[in-house]
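In my numbering, the protein residues as written are 304 to 840.
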């Protein structure tokens, strides 16, 4: 570790009798650390040394917990924490390096970020953040200083950065129905009251207009490992059902393992086989057009394949199949109950106004590039939850309109054109993931529209018919699925994207079939009569 940096870290303070004692020059030392990070090299040398020294765990978090009354010190520490917890890709100018040494540095920085995330599982720390946010929100908005607004934004950026730190399943070694590091962070946010503040800001007009994108990012990161289906399936006897399901799965796994052991014993028996020798496999020809001669044990004859022993053909990097981001898991029962209640309260109190504010921000282009993916994700997730659990279309009325169909269609076309034109492999993969997010949002719009068409409320059914007639009439909405299917490539989009594309096409065709049965004219084209040519005599 650099001598000057080590001396700076030592000048922050020390632990004594389970209490952190700061040094007299602690504030200036924190400012020095911020200056060090601003002058960091391309290999993030300062950031890696601070991570190795565990400065966040040993000094920064204790300072926040014990000296949060010092306003100037707390604001400076918040700036430092926002810098230290920023994503890895931001440290390398939004592009991960291909060089081996630099990539190892990226992995090292990511490991330190995961250490930070474990250290942030501290209810006292989040209580301080919650208290500071509440102090700013209690101020009169007209009398609030610009520094207070910036500090409020920094606090939510810090929470976003903490949630954005990626999980490492190999490191955590957690099973399903177990509390991962991300789940523990969410539980700490719940017990400290941060979730209630998020709902309050999302439903409050003045704060929402300033922080709408930060709030939407935080909500999307809260549910990034969750699927909406297991969250809404929560009934009174859930504990008993989960326990029964666990017993059945465990018994099935044991039976499978027992059958595998029995098969291995039969395959590799210590007793000498009386059927050893050479065999001929009927109805399977060799290169010489004769029956295949088999020299192995007869027990393995069923698994015979011509591909055995062959080396697979090496595929070039730009043609390799893209793996889908299927990093979903089932959290503990208590965590799912908390998230379910959050979804219900968010839909009832904040979904429509927040999505309206985000859409306005996107229209004014006052957001960062590609922030619309958070909007599309929230549209898909909460509309699915509402369709399956709340079953109230008015809760998602802001995103259930023709303007929503048009917006998603234009985004799909933009993403598709970028996939088709860009040649860089990593950039194409990123656009492929964005296309997948937009496609799932479009699919959920169709499913919700189908749900509305089968509603017992006549007014909702009439609204659905109006939207359906517009969607089915426009040729662009009908042809988008054919275009995406014809131009699908495994080297640019994942197979999970293809599965969702096929499902979306099926839903659209099924809805079109049901709509056409109502004997309504969708498109009318007049047939022109051909004029008869005068016969030549």
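We put the beta carbon where it would ideally sit given N, CA and C, even for glycine.
Keep in mind the model is a prediction, meaning the values are calculated, not measured.
Next item on the list: Report the rounded CA-to-CA distance for residue 458 versus residue 495, giving the unit in angstroms.
Entry: 15 angstroms
Note to self: Measuring alpha carbon to alpha carbon, tell me which residue in 386, 345, 416 is nearest residue 395.
What the structure shows: 345
Check: In its own chain, which residues sit with a C-beta less than 6 angstroms from the C-beta of residue 734, not counting the 5 before and 5 after it?
Finding: Only 718, 721, 722 meet the Cβ criterion.
Next item on the list: On a CA-only basis, which of 350, 375, 404, 378 is nearest residue 388? Give me that one, please.
Entry: 350
Margin query: Suppose you measure from the CA of residue 366 to the CA of residue 336; what does that come to, to the nearest Å?
Written below: 14 angstroms
Check: Per DSSP, which one or two residues make a beta bridge with residue 316?
Finding: BP columns for residue 316 point to 325.
Check: Using CA coordinates, which residue listed in 713, 562, 820, 622 is at the minimum distance from residue 726?
Finding: 622
Note to self: At the level of alpha carbons, what is the spacing between residue 559 and residue 565?
What the structure shows: 10 angstroms
Notebook entry, point to check: In three-state DSSP terms, what is residue 588?
Noted result: strand
Notebook entry, point to check: Can you name, in chain order, every residue of its own chain whose Cβ lies under 8 angstroms from the Cβ of residue 803, other than the five neighbours on each side?
Noted result: 739, 742, 743, 746
Checklist line | Residue nearest to residue 373 in terms of C-alpha spacing, selected from 555, 468, 327 | finding: 327
Notebook entry, point to check: Could you give the C-beta distance for residue 691 and residue 654, rounded to a whole number, given that I count them as a contact under 8 angstroms?
Noted result: 15 angstroms between Cβ atoms; not a contact.
Next item on the list: State buried or exposed for residue 529, treating a residue as buried only when at least 16 other CB atoms are found within 10 Å of its CB.
Entry: buried
Check: How many angstroms separate the CA atom of residue 700 from the CA atom of residue 706?
Finding: Residue 700 and residue 706: Cα-Cα distance of roughly 12 angstroms.
Check: Whose C-alpha, out of 520, 474, 401, 432, is nearest the C-alpha of residue 673?
Finding: 520
Note to self: So within the region 595-680, which uninterrupted beta strand (DSSP E) runs reach at least 3 residues, ignoring any that extend past its ends?
What the structure shows: none
Next item on the list: Kindly list the residues whose CB is nearer than 7 angstroms to the CB of residue 322, restricted to its own chain and excluding five residues on each side of it in sequence; keep chain order.
Entry: 369
Note to self: Would the region 674-694 count as touching the region 630-648 if we require 3 or more Cβ pairs under 8 angstroms?
What the structure shows: The region 674-694 vs the region 630-648: in contact.
Next item on the list: Less than 8 angstroms between the CB atoms is what I'm expecting for residue 425 and residue 634, so what's the real figure, rounded?
Entry: Contact doesn't hold; Cβ gap of about 20 angstroms is too wide.
Notebook entry, point to check: Taking just the CA atoms, how far does residue 631 sit from residue 813?
Noted result: 29 angstroms
Check: In terms of residue numbering, what span does the alpha helix (DSSP H) encompassing residue 693 cover?
Finding: First-last for residue 693: undefined, no H or E at that position.
Check: Quick one: is residue 539 buried, meaning 16 or more other Cβ sit within 10 Å of its Cβ, or exposed?
Finding: Note that residue 539 has pLDDT 38, beneath the 50 cutoff, so the model's placement of it is unreliable and the number below is only indicative. Exposed is the call here.
Notebook entry, point to check: Would you call the CB atoms of residue 791 and residue 811 closer than 8 angstroms?
Noted result: No, Cβ-Cβ distance for residue 791 and residue 811 is not below 8 angstroms.
Check: If you pair each beta-carbon of the region 468-486 with each one of the region 412-422, do three or more pairs fall below 8 angstroms?
Finding: yes
Notebook entry, point to check: Which residue spans inside the region 753-799 form an unbroken alpha helix (DSSP H) run of at least 4?
Noted result: 761-776, 778-789
Note to self: Let's test the definition: count the other Cβ atoms within 10 Å of the Cβ of residue 638 and tell me whether it reaches 16, buried, or not, exposed.
What the structure shows: buried
Note to self: I'd like to check one pair, residue 775 with residue 818: are the Cβ atoms closer than 8 angstroms?
What the structure shows: Contact check for residue 818 against residue 775 passes: the beta carbons are separated by less than 8 angstroms.
Check: Whose C-alpha, out of 500, 509, 470, 403, is nearest the C-alpha of residue 447?
Finding: Taking only the C-alpha atoms, the option nearest residue 447 is 509.
Item checked: For residue 807, three-class secondary structure by DSSP -> helix
Notebook entry, point to check: In whole angstroms, what is the alpha-carbon distance linking residue 360 and residue 626?
Noted result: Near 35 angstroms, if we compare the C-alpha coordinates of residue 626 and residue 360.
Checklist line | Among 517, 409, 381, 435, nearest to residue 391 - alpha-carbon criterion | finding: 409
Checklist line | Through-space distance from residue 659 to residue 765, alpha-carbon basis | finding: The alpha-carbon atoms of residue 765 and residue 659 are separated by roughly 24 angstroms.
Notebook entry, point to check: Taking the continuous alpha helix (DSSP H) assigned at residue 461, which residues delimit it?
Noted result: 449-467
Margin query: Rounded to the nearest angstrom, what separates residue 591 and residue 615 at their Cα positions?
Written below: Residue 591 and residue 615: Cα-Cα distance of roughly 24 angstroms.
Notebook entry, point to check: residue 583 bridges to which residues according to DSSP?
Noted result: Under the DSSP definition of a beta bridge, residue 583 partners with 596.
Notebook entry, point to check: Nearest to residue 332 by alpha carbon, out of 319, 354, 363?
Noted result: 363
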